[in-house]
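**Q** Residue 0 is where the sequence shown starts when you use numbering that gives the first Met the number 0, and the numbers rise one by one after that.
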Amino acid sequence: MRVKNLLALATVAVFATSCGESSTNGNATEGFTNDTTMNSDTRSNSDTFSGTTSGKMAIAVPEQVQVSFKQKYPTASNVTWNRYEPVNTFDWEWTGWSRMDTADYVANYRVGADEFWAWYDNENNWIGTVMTVTNHAGLPAAVNKSIQTNFAGYTLVSVDKENDKNRTAYELEMTKDGETMKALIAENGAVLKKKGRVDGEKVKVKNL
0 MRVKNLLALA
10 TVAVFATSCG
20 ESSTNGNATE
30 GFTNDTTMNS
40 DTRSNSDTFS
50 GTTSGKMAIA
60 VPEQVQVSFK
70 QKYPTASNVT
80 WNRYEPVNTF
90 DWEWTGWSRM
100 DTADYVANYR
110 VGADEFWAWY
120 DNENNWIGTV
130 MTVTNHAGLP
140 AAVNKSIQTN
150 FAGYTLVSVD
160 KENDKNRTAY
170 ELEMTKDGET
180 MKALIAENGA
190 VLKKKGRVDG
200 EKVKVKNL
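1) What span of residues does the beta strand (DSSP E) with residue 170 cover, start to end?
2) By the three-class DSSP mapping on this structure, what secondary structure does residue 149 have?
3) Which residues does DSSP list as the beta-bridge partners of residue 115?
4) Under a Cβ-count criterion, where at least 16 other Cβ atoms within 10 Å of its own Cβ denotes burial, should residue 97 be classed as buried or exposed?
5) Which of the three DSSP states, helix, strand or coil, is assigned to residue 101?
6) Take residue 202 as the anchor and find which of 112, 189, 181 and 186 has the nearest alpha-carbon.
7) Locate the alpha helix (DSSP H) running through residue 62, then write down its first and last residues.
8) Around the Cβ of residue 62, are there at least 16 other Cβ atoms within 10 angstroms (buried) or fewer (exposed)?
9) Would you call the CB atoms of residue 191 and residue 168 closer than 8 angstroms?
As structure tokens, then:
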């Protein structure tokens with residue numbers, strides 16, 4: 000899922016304080032280079048998902064949503080709930096998820112050192128979850144192979160893991176020769192979408 004210089008689409012608004020601290024990336028994976036100066040750890044707060052990690056509830060959340068969340072993520076800590084707000088920090092259209100509005104909910108939380116965001120609609124349905132991936136070397140083998148095959152020579156800048164009831168996919172942002180490429184790769188390695196520039200020409204492909 001990743002998240003920098005994206006379209007003005009939808010995700011969580013900044014509430015009270017910025018997101019929690021990031022951890023450092025893993026080693027470079029064969030076939031691409033990890034950018035240790037332009038990853039999730041160095042992105043400004045305005046370029047990442049936003050929310051607080053105070054462990055306090057910012058708004059009143061229906062009990063059914065809370066119960067559903069606790070059952071799905073029993074090890075979640077530092078959970079903060081807020082209303083969904085459209086902000087230009089997350090490429091919502093790439094997920095294929097249902098459109099949301101300010102009657103819906105988002106939870107920002109941690110599991111261990113990893114930071115997550117989970118969305119629920121106002122009918123208590125889980126929509127999807129995003130995790131910021133800082134250990135790029137730990138991506139699934141099929142995803143790494145797809146990167147090596149389809150994006151050879153690119154530097155991997157950022158990665159978000161997106162999952163919903165239908166699939167798990169990885170949104171990547173990469174650079175090569177000063178040009179940016181963004182891709183959505185399924186867990187099995189299939190390139191679902193990509194857009195960016197190659198030799199100055201716009202590239203946009205959708206394989207859903």
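Don't be surprised by glycine CBs; every beta carbon is placed ideally from N, CA and C. Note that the coordinates shown come from a computational prediction; the quantities given were computed from them, not determined experimentally.
**A** Taking the structure as given:
1) For the purposes of this step, residue 170 is identified with residue 171 of the sequence shown, where counting begins at 1. Here the beta strand (DSSP E) through residue 170 covers 167 to 175.
2) On the sequence shown, residue 149 is found 150 positions in, with the first residue counted as 1. Three-state result, residue 149: helix.
3) Against the sequence shown, residue 115 aligns to sequence position 116. DSSP, once it has assigned bridges, lists 108 and 130 as partnering residue 115.
4) Counting from one through the sequence shown, the residue named residue 97 turns up at place 98. That one is exposed.
5) Sequence index remark: in the sequence shown, residue 101 carries index 102 (1-based). Residue 101: coil per DSSP, three-state reduction.
6) Position 203 of the sequence shown holds residue 202. Nearest C-alpha to residue 202: 181.
7) As a first step, residue 62 is located in the sequence shown; it is residue number 63 there, counting from the start. 62 to 71 is the extent of the alpha helix (DSSP H) around residue 62.
8) Here residue 62 refers to the residue found at position 63 of the sequence shown. So residue 62 ends up on the exposed side.
9) Residue numbering aside, residue 191 sits at position 192 when the sequence shown is read from its first letter. Residue numbering aside, residue 168 sits at position 169 when the sequence shown is read from its first letter. Their beta carbons are under 8 angstroms apart, which means residue 191 touches residue 168 by this criterion.
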